[in-house]
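Before any comments, here is the structure.
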Amino acid sequence: MGIIALVLALAGAPANTAFQCAPISGHAGWTEWDTTPIVVTLTPEMCSDLNDVHAGELTSDPSTDANMAQGLLIALHEASHAAGWRDETDTECRALTLVGLAVWGLGLSPQVIADAWTWDRTWGSQYHQRPCQAADSGRLGAS
Ligand SMILES: [Zn+2]
């Protein structure tokens with residue numbers, strides 16, 4: 000299973016979710032959730048970072064670890080949108096949780112988790128409206 004398929008499955012995105020690497024103005028990733036199928040787009044830079052995860056380039060280079068964390072976090076964030084999460088804070092909290100699962104499942108360094116949280120803190124206030132709650136709290140249809 001490739002890293003993209005893994006990320007989409009881990010987030011619970013619909014099986015027919017389309018994924019592409021393409022430039023996006025002002026964003027590292029974007030999800031069109033009103034289309035059929037849903038389309039997840041990451042910038043070429045984020046796709047490259049995500050491919051580093053696939054290559055398993057571990058802790059020999061801290062900057063590579065940090066880039067992997069960015070690619071993984073963005074991909075899991077957008078895949079969570081595809082899975083039904085809409086609110087940016089809920090989506091980001093879920094993505095951060097899933098980074099831990101991905102790191103464990105892929106046998107990556109725990110440093111990747113720390114790097115993901117560090118990078119998350121640089122994001123805008125719309126991603127940090129509340130402390131992170133239970134992982135399902137923001138999903139469409141969840142009570
Ligand atoms: Zn988002």
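Per numbering that gives the first Met the number 0, the very first residue in the sequence shown carries number 0; after that it's consecutive. Virtual Cβ for every residue (Gly too), placed ideally from N, Cα, C.
- Screening all residues for a C-beta within a distance smaller than 6 Å of any heavy atom in ligand 1 leaves HIS76, HIS80, GLU87 and THR90, in chain order.
- Counting only residues of its own chain and dropping the five nearest sequence neighbours on each side, ALA17 has a CB closer than 8 Å to the CB of PRO36, ILE37, VAL38 and VAL39.
- In this structure, the beta-carbon distance from LEU41 to GLU77 falls below 9 Å.
- Contact check for ALA65 against TRP103 fails: the beta carbons are separated by 9 Å or more.
- For CYS92, the three-state secondary structure derived from DSSP is helix.
- Boundaries of the beta strand (DSSP E) around GLY28: 28-31.
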